[in-house]
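One structure is given below, encoded as structure tokens.
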Amino acid sequence: MKLNYSLTSGFATGDGAAPTRENVSSWIAWAPVPASDLAADSALSTTFYLTPRAIPQLSEDTLLLGVLVGEADIDIDSALDPQQLSYTDGASATVEATHPLGLDAVRVVAAKSGPARRQAQSALIDVPGDRQFHIIHELFEQ
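In structure tokens form, the structure reads like this:
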């Protein structure tokens, strides 16, 4: 995975390219989860955010668990404009998965701090699937 994200909104893709209507399957949808609540048997809710910087109440303890839209059975409204979501400060977009997802769907984990990232790595160590773990302060700034 080649993570590419907007500093303005946090809108991201996993293919290294800027988000466009042509690479919707590579868009990353984020689920915020308190690091202290993450366990290997957790399930993700069906609501995901395309623009994590618009998520209310992000904290040092929050993890952003990213899934690829194309792998997660998430329908994207054709009216969503990748340019608007990438470059407009305060842009907000939520999307819905058709069913709750297991942690094996998570491809990338973003944390604001090293301790939160290490907590995620420990919690997900036995969960099948390949994923990346990053500290990305910019995604948590509001």
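Following our numbering, the residues of the sequence shown are numbered contiguously, the last one being 167.
Even for Gly, the Cβ is constructed at its ideal location relative to N, Cα and C.
Quick caveat: nothing in here was measured; it's all calculated off a predicted structure.
**Message:** Whole angstroms are fine: how far does the CA of residue 29 sit from the CA of residue 141?
**Reply:** If you take the alpha carbons of residue 141 and residue 29, they lie about 21 angstroms apart.
**Message:** Rounding to the nearest angstrom, what Cα-Cα distance links residue 126 and residue 106 in this structure?
**Reply:** About 25 angstroms.
**Item:** Residues near residue 153 in its chain [Cβ-Cβ closer than 8 angstroms; skip 5 each side]
**Value:** Counting only Cβ-Cβ distances below 8 angstroms, and skipping sequence neighbours, we find 129.
**Prompt:** Is residue 92 closer than 8 angstroms to residue 46 when the C-beta atoms are compared?
**Reply:** In this structure, residue 46 sits away from residue 92, with a CB-CB distance that is not shorter than 8 angstroms.
**Item:** Cβ-based burial, residue 59 [other Cβ within 10 Å; buried from 16]
**Value:** When all chains shown are included, residue 59 counts as exposed.
**Request:** Assuming residue 63 contacts residue 89 (C-beta within less than 8 angstroms), just tell me the rounded distance between them.
**Result:** That pair is no contact at about 11 angstroms.
**Message:** With distance defined between alpha-carbon atoms, name the residue in 32, 53 and 33 nearest to residue 121.
**Reply:** The residue from 32, 53 and 33 with its alpha-carbon nearest to that of residue 121 is 53.
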